[in-house]
Ligand code: LLP
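In our numbering, the protein residues as written are 1 to 418.
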């Protein structure tokens, strides 16, 4: 499901030409399709229809408040990891009763903020965090609903930097300590254990790891119920993989076919913290070729977007499909490195890519950048962050404007006596 397609050699986003948007807005920019974004949400929602479930969109994947509003309209909840993400989710109109709070370094202030807003539950990552939540809740005269994030020691078979459910990972509480931790939680006067949480990794391309870990989690849920704990939710985390180049990820239906049978007998509501599968292929990064540069070794395209705009290639050697916005059928193919202007050797958007030859001034699209794209961007090298544009049919909305040079120094101050 994708609304980015070529018509007569021109890349469109829904009913608008990407090149027309570039003429109006300048480059670089992120461009999202409202239809793709919402369809992805709906496809997952539909696939899990057989069991009670809540999709808590993972705000970290793309946290633009306009996109959060679109999801709120669909009834989505949110998976958040900070007070800032809670603020965004609420501003986007997401029901606090559908918000789950993960992350292993929650502060007392963040806990208080979340309790005040009445979130669905905290995903607790350590014994000390549990005690702090209890303390804050007690002071406020509230009961804090919690799930314990269990580390099931499962290899999600993804890039090591985004695997989170292995024994050596900093995340979660090891499965063999979870029972004891639930017993402690049960005795704490202001804690109410209501769920179990796992998140085994991101960009997972097979359903096997989910099956293996969820069997363990479903067993744990049973044991806890036997002990009289009212476990109502099993949170399967996020991690459904997407196609960047030639991956063949399971469809939402295929993930559901593997997962639903394991959870259907549990009597629990499933929570899905999906980020990438909703946002990833709903966005592109459009950039302009500044220079063609050839050395003895390599052919480079120096473009106006850089690693500060899209960190994934530099950080994870992520491979994104890159193609000219105007596709010239006659163009010969070349092997290029697409690099940005930043003074770092790791500043590349693509390496050894085979693409049709392009010239100075031509536009390129870096595909599948709707998730972990803009939200991970920075101002490194004092580069103003690029705008985010959302297309809906024939309309384009600027949902975040391009930063100015003034914006760059807004938060800085020269002391008076300098
Ligand atoms: N839940 C938790 C607790 C998470 O830590 C994450 C992602 C998700 C849900 C959402 O996972 P998703 O459905 O998007 O795979 N920056 C990396 C990805 C880091 C993922 C961090 N956690 C990247 O660009 O590939």
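All residues carry an ideal CB built from backbone N, CA and C; glycine is no exception.
Residues that residue i bridges to, as DSSP identifies them
i           : result
residue 13  : 4 and 16
residue 56  : 77
residue 150 : 173
residue 337 : 300
residue 100 : 79 and 121
residue 49  : DSSP output for residue 49 lists no bridge partner at all.
residue 326 : 10
residue 392 : 395
residue 271 : 54 and 235
residue 287 : 364
residue 28  : According to DSSP, which records beta bridges pairwise, residue 28 is partnered with nothing at all.
residue 356 : 333
Proximity to residue i [Cα-Cα], best of the options
i           : options               : result
residue 363 : 86, 28, 399 and 342   : 28
residue 249 : 262, 111, 355 and 276 : 276
residue 368 : 312, 348 and 132      : 312
residue 257 : 51, 414, 315 and 127  : 51
residue 36  : 343, 375 and 281      : 281
residue 278 : 198, 67 and 299       : 67
residue 200 : 168, 219, 96 and 18   : 168
residue 243 : 236, 354 and 318      : 318
residue 386 : 192, 6, 305 and 252   : 305
residue 146 : 191, 111 and 103      : 191
residue 132 : 54, 106, 402 and 343  : 106
residue 360 : 415, 418, 293 and 405 : 293
residue 183 : 206, 112 and 230      : 230
residue 308 : 302, 241, 356 and 376 : 376
residue 175 : 196, 20, 58 and 7     : 196
residue 81  : 119, 310 and 25       : 119
residue 55  : 39, 98, 86 and 379    : 98
Helix, strand or coil at residue i according to DSSP, with G and I counted as helix
i           : result
residue 212 : helix
residue 351 : strand
residue 425 : Not covered by the structure: residue 425. The range shown for the chain is 1 to 418.
residue 121 : strand
residue 167 : coil
residue 36  : helix
residue 292 : strand
residue 367 : coil
residue 372 : coil
residue 262 : helix
residue 414 : coil
residue 306 : coil
residue 280 : helix
residue 61  : helix
residue 387 : coil
residue 144 : strand
residue 69  : helix
residue 91  : helix
residue 379 : coil
residue 313 : helix
residue 106 : coil
residue 116 : helix
Cut-off 6 Å between Cβ atoms - residues of its own chain near residue i, not counting five sequence neighbours on either side
i           : result
residue 15  : 393 and 394
residue 350 : 322 and 338
residue 397 : 390
Beta-carbon contacts of residue i that lie in its chain and below 7 Å, excluding the five residues immediately before and after
i           : result
residue 65  : 88, 91 and 92
residue 209 : 154, 155, 156, 157 and 200
residue 286 : 18, 22, 27, 28, 29, 31, 325, 363 and 365
residue 214 : 236, 259, 262 and 263
Own chain partners of residue i with C-beta closer than 8 Å, once the 5 adjacent residues on each side are dropped
i           : result
residue 212 : 152 and 154
residue 194 : 121, 145, 146, 147, 230, 231, 232 and 233
residue 109 : 83
residue 221 : 196, 231, 234, 266 and 268
### Task
May I have a chain-ordered list of the alpha helix (DSSP H) segments no shorter than 4 residues that lie completely inside the segment 189 to 251?
208 to 226
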